[in-house]
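Have a look at the structure below before the remarks.
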């Protein structure tokens with residue numbers, strides 16, 4: 003039931019993001035750095051609010067989940083044990099003419115050949131067949147002069163801690179390709195220091211890095227990105243029950259954050275890794291892509307990760323239960339992308355409405371996630387008494403809410419700007435405010451205006467921004 | 003007026019950090035990764051609270067500062083323009099026997115030779131003289147077989163976005179050595195999208211990376227760390243006034259966050275970079291180091307950075323004022339280390355008190371920064387009615403405060419554990435609670451206990467955690 007792809011919608015959102023200060027292409031003055039983005043004032047605030055909403059539900063409100071902030075850099079053996087070194091690859095194909103690089107499986111998909119989980123041999127067989135039929139062409143320049151597919155590692159390498167400035171293979175330290183590696187490595191310290199009993203989870207928000215062959219889909223898939231992951235450790239006998247519990251909890255998180263049930267759906271993985279017993283993704287119906295795409299994965303992973311780390315480190319990662327029985331805990335993981343969740347909220351919030359002869363663009367963020375909660379305007383910027391009163395009000399409200407003071411241009415223009423950044427309420431201080439002590443409060447969604455006594459404002463806003 | 007160095011104090015804090023779940027050595031099961039640390043549950047919560055307290059004062063409460071979250075990776079020319087490529091080095095000296103590496107200037111300091119800003123030639127001259135006197139020895143193994151000093155770049159290199167898996171010098175992309183680079187690169191987008199007028203600031207919190215030659219001082223100096231930086235852009239005529247303003251604001255931030263004035267002091271830099279007009283650091287009196295050490299820098303940097311980026315990018319970074327005059331803004335920066343600020347609060351909070359025949363260890367964090375605000379206990383874990391009531395209370399309070407439910411061991415033991423993680427209040431549900439509806443609230447600092455009606459608890463805690 004996906005929407006039709008609306009390229010205009012994607013362009014409009016990318017454009018609004020830059021114009022209004024949500025998301026900028028990275029290093030733009032130097033010509034950019036592909037597949038990497040910077041978050042401007044409003045994008046950062048929105049992203050922080052999403053992060054905090056996740057953190058509150060996953061950690062603050064649960065006595066069975068604790069937080070962690072593990073480093074981006076880990077001992078290189080971590081990624082040998084996890085199978086990433088040697089195994090975390092995409093098939094790459096190069097055009098010898100225009101020098102562009104492509105994902106070979108994506109290229110095959112454009113010929114209606116499904117090669118998502120195919121081996122390199124299978125991919126090259128498909129490519130040979132296309133070549134024989136003279137069908138294989140570079141999607142960029144149309145040349146038939148393409149290389150065979152080869153494996154390309156997604157692991158980003160660094161020389162951190164290296165005793166020499168030269169970069170040598172024996173000194174490689176990887177940037178983590180996923181945050182959960184740090185959770186597995188700190189499983190033992192967490193149990194030892196916090197005395198948590200199974201089942202319990204460890205959750206964290208942090209950056210991860212992947213050398214994606216091609217940049218695409220704006221901030222949906224980038225080389226530097228943020229994950230929000232939780233690994234829930236348990237006895238295998240509890241897996242079924244807890245897997246269902248977390249599926250429900252995570253589904254409800256979307257609803258509680260304003261995403262309607264008909265905009266998300268489950269995708270069940272049929273092909274599972276050998277250690278996994280169940281894997282579902284939550285897909286969101288992106289209008290900018292015209293399709294449902296993954297925003298979160300919920301996976302029953304068995305005890306493979308801890309077993310591998312125990313084997314490679316030589317450290318005992320068994321849990322001892324109250325009866326003295328020892329076992330390596332199994333893991334139920336929830337893994338969400340913070341940047342693509344932000345993209346989901348941008349996609350969901352973007353609205354155009356005909357107002358008189360104009361089109362009003364309004365970002366209808368759920369109020370608790372809106373970057374700016376309240377904008378405060380003096381009716382006229384050249385009337386010091388209005389400006390003074392509005393500034394006072396701004397400073398008072400800013401103690402409890404992220405607010406913005408704006409005296410730039412006429413009120414209509416200010417409303418439009420606040421609509422485009424999704425501010426739920428605009429408060430205008432006018433001459434009556436000075437005499438009668440009330441202000442105009444304008445609602446983003448209904449555009450209705452009400453007069454509220456300044457003394458009653460804190461009350462008025464009291465529960466406007468709670469979920 | 004520094005305290006005497008208390009090695010025991012450092013050991014005690016490092017030990018408490020691991021034992022209680024504040025800070026763990028990174029990748030410990032694999033033998034560790036030097037100069038990199040992971041933050042456990044309480045360390046993460048404490049760090050987040052410090053970050054949020056900074057963010058609130060620097061961004062939420064100021065209409066002249068906006069937020070940013072720029073990527074760790076930037077176009078490599080960024081660091082050529084800034085002078086980091088080629089110029090961001092430390093002098094390294096190697097022991098040929100034990101293979102340890104040292105900072106040559108630190109080694110000279112142990113011979114009472116100040117070489118902090120010395121050139122490589124000056125350093126090697128000092129080393130030669132010591133060698134001639136047969137005084138030069140490896141601080142680790144005592145060998146006299148040391149190399150000459152050489153320059154070692156602190157820049158961490160990666161192969162992100164590289165078209166080949168091999169790491170070649172022409173494909174190097176650096177990890178940022180400081181967060182402010184991203185602020186300079188987004189100066190233009192910020193002005194264009196937010197229409198900010200000078201003076202205004204851009205602030206962000208994020209990770210930075212330096213290939214420090216040696217690890218030392220726990221989390222004070224690490225290879226992966228977090229900065230909280232703000233660049234305040236202004237016309238040079240305003241520098242003096244705004245510099246004084248920010249010096250005062252930043253000093254007061256420490257006081258507002260519970261650090262007494264006699265624990266911090268100013269350090270004025272006498273040797274300035276050619277583009278700088280003034281530079282002060284805020285030093286904190288670390289008892290674990292027995293000395294005042296830098297936690298924040300406040301620098302008048304001129305317009306050097308923006309001028310360099312304009313020159314290297316070819317993009318006009320002039321600001322046009324209301325009179326149409328163009329100029330490259332000057333910059334006033336505040337730069338604080340989040341990890342060392344956390345270390346400051348750990349150092350400050352750590353207390354030992356004689357209580358009866360025991361020593362009570364208590365982390366006296368300012369209440370608004372404490373990782374856990376309220377711990378909730380059922381008096382006995384084997385009485386379901388107490389556990390049920392305590393759980394209910396926990397879930398109610400957790401909506402507004404970071405709380406912890408604990409039914410492990412006797413009450414005395416639970417108090418000691420909460421003292422060690424710095425929890426301001428412990429609430430115990432006992433049999434009277436069931437009958438009379440009141441609970442015992444115990445204060446961390448005074449250890450006094452009061453009975454409070456459950457219905458009055460929200461009121462009781464209302465303004466206990468505001469600054």
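Chains as they are written, first to last, in the working numbering: chain A, 3 to 469; chain B, 3 to 469. Cβ coordinates follow ideal geometry from the N, Cα and C atoms, glycine included. As the structure is a prediction and not an experimental result, all values here were calculated from the model.
Check whether the Cβ of residue i lies closer than 7 Å to any Cβ atom in chain B.
i	result
residue 274(A)	no
residue 146(A)	no
residue 207(A)	no
residue 35(A)	yes
residue 77(A)	yes
residue 292(A)	no
residue 65(A)	yes
residue 364(A)	no
residue 251(A)	no
residue 162(A)	yes
In angstroms, rounded to a whole number, what distance separates the CA positions of residue i and residue j?
i	j	result
residue 52(A)	residue 114(B)	53 Å
residue 384(A)	residue 411(A)	11 Å
residue 400(A)	residue 348(B)	29 Å
residue 369(A)	residue 462(B)	29 Å
residue 388(A)	residue 406(A)	16 Å
residue 106(A)	residue 156(A)	14 Å
residue 225(A)	residue 213(A)	6 Å
residue 413(A)	residue 341(A)	33 Å
residue 10(B)	residue 265(B)	20 Å
residue 221(A)	residue 295(A)	13 Å
residue 376(B)	residue 338(A)	29 Å
residue 40(B)	residue 254(B)	30 Å
residue 15(B)	residue 362(B)	14 Å
Please state whether DSSP places residue i in a helix, a strand or coil.
i	result
residue 219(B)	coil
residue 95(B)	strand
residue 347(B)	helix
residue 231(B)	strand
residue 200(A)	coil
residue 455(B)	strand
residue 42(B)	coil
residue 281(B)	strand
residue 414(B)	helix
residue 121(A)	coil
residue 239(A)	helix
residue 183(A)	helix
residue 75(B)	strand
residue 128(B)	helix
residue 419(A)	helix
residue 301(B)	strand
residue 403(B)	coil
So, under 8 Å CB-CB, residue i and residue j are touching, yes? Tell me the CB distance rounded to an integer number of Å.
i	j	result
residue 142(A)	residue 97(A)	6 Å
residue 241(B)	residue 281(B)	About 13 Å separates the two Cβ atoms, so there is no contact after all.
residue 99(A)	residue 145(A)	4 Å
residue 516(A)	residue 210(A)	Any answer about residue 516(A) is impossible in this case: the structure gives chain A only from 3 up to 469.
residue 232(A)	residue 335(A)	7 Å
residue 495(A)	residue 206(A)	In the structure as shown, chain A starts at 3 and stops at 469, and residue 495(A) therefore has no counterpart that could be examined.
Flag residue i as yes if its beta-carbon sits less than 7 Å from any beta-carbon of chain A, otherwise no.
i	result
residue 349(B)	no
residue 376(B)	no
residue 156(B)	no
residue 261(B)	no
residue 48(B)	no
residue 448(B)	no
residue 136(B)	no
residue 21(B)	yes
residue 119(B)	no
residue 3(B)	Residue confidence is low: residue 3(B) scores 37 on pLDDT, short of 50, so the model does not pin down where it sits. Its coordinate-derived value is still stated next. Not an interface residue.
Confirm the yes/no value for this check: CB of residue i, any heavy atom of the ligand NAD, distance under 6 Å.
i	result
residue 174(A)	As presented, the structure is devoid of all ligands, the ligand NAD included, so that no description of it is given.
Practice prompt. Return the chain-ordered ranges of every alpha helix (DSSP H) run that is complete within the stretch 303-377 of chain B and spans a minimum of 4 residues.
Written response: Listed in chain order, they are 306-315, 340-351.
Discussion item. For a minimum of 4 consecutive residues, which ranges assigned as the alpha helix (DSSP H) are wholly contained in the stretch 144-177 of chain A?
Written reply: When DSSP assignments are scanned along the stretch 144-177 of chain A, no uninterrupted stretch of alpha helix (DSSP H) that is 4 or more residues long falls wholly within it.
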